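Each residue of the sequence shown is one higher than the last, beginning at 30 in the working numbering.
The beta-carbon is built from N, C-alpha and C at its ideal position, and this holds for glycine as well.
Computed from a predicted model, the values in this text were never measured in an experiment.
Heads up: the structure comes next, in structure tokens.
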Amino acid sequence: MESVPMLVVGAAIVTGLGLVFGLVTYQRCPHCGHLVRRVSQGWRRCGSCGRQYRRGLRVR
């Protein structure tokens with residue numbers, strides 16, 4: 030039985046942490062589906078369609 034190289038294990042951990050950070054930081058615009066920064070409070074404007082969105086809205 031071979032052991033997995035530490036470089037592969039490290040790359041998998043870094044990739045997993047990047048995905049978790051991305052899911053916490055970004056969301057899809059509910060109007061056009063463009064990837065936008067997640068709102069912590071208030072409203073933001075989508076750079077693609079120009080419409081406002083907030084954290085609780087879902088992609089239709």
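By the neighbour-count definition (other C-beta atoms within 10 Å, threshold 16), V65 is a buried residue. Note on geometry: alpha-carbon atoms of R73 and L48 lie some 23 Å from one another. Around the Cβ of Y82, a 10 Å sphere holds 16 or more other Cβ atoms; the residue is buried. Inter-residue distance for H60 and L52 is about 19 Å (C-alpha atoms, whole angstroms). In the DSSP assignment, Q81 is bridged to R74.
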